[in-house]
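Comments concern the structure below.
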């Protein structure tokens, strides 16, 4: 859920002046608990000139789902889909 909220904050920062005032820098997003310092390092390592970076936290979530499936933490694909839909 945190990664979804993080993606939303990243998108809203680009379109809402109120959100941009609340989170003027990425450090403010870390301080608010939406992102860890390590995640910030990973996020900043992606070249944002070439790519839109709003989707990055969503890929982290999908990777967690793939790891859960690989480690037999999900019984079937429907459980993963249910997690995504929630």
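In mature numbering (1 follows the signal peptide of the UniProt record, and there is no 0), the protein residues as written are -18 to -1, 1 to 68. All C-beta atoms, glycine included, are put in the ideal place defined by N, C-alpha and C.
Could you give the first and the last residue of the continuous alpha helix (DSSP H) run that contains residue -14?
On the chain shown, residue -14 is found 5 positions in, with the first residue counted as 1. Segment -17 to -4, the alpha helix (DSSP H) holding residue -14.
Reducing DSSP to helix, strand and coil, say where residue 28 ends up.
Translated into the one-based positions of the chain shown, residue 28 becomes position 46. Coil at residue 28, not helix or strand.
Thinking just about the alpha-carbon of each residue, which of 26, -4 and -16 is nearest to the one in residue 9?
Position 27 of the chain shown, counting from 1, holds the residue named residue 9. Taking only the C-alpha atoms, the option nearest residue 9 is 26.
Quick one: residues in its chain with C-beta nearer than 7 Å to the C-beta of residue -17, no 5 flanking neighbours on either side, listed in chain order?
To locate residue -17, count along the chain shown from 1; it is residue 2. The answer, listed in chain order, is 16.
Go ahead and pull the three-state DSSP assignment for residue 52.
In the chain shown, the residue the question calls residue 52 occupies position 70. Residue 52 falls in the helix class under three-state DSSP.
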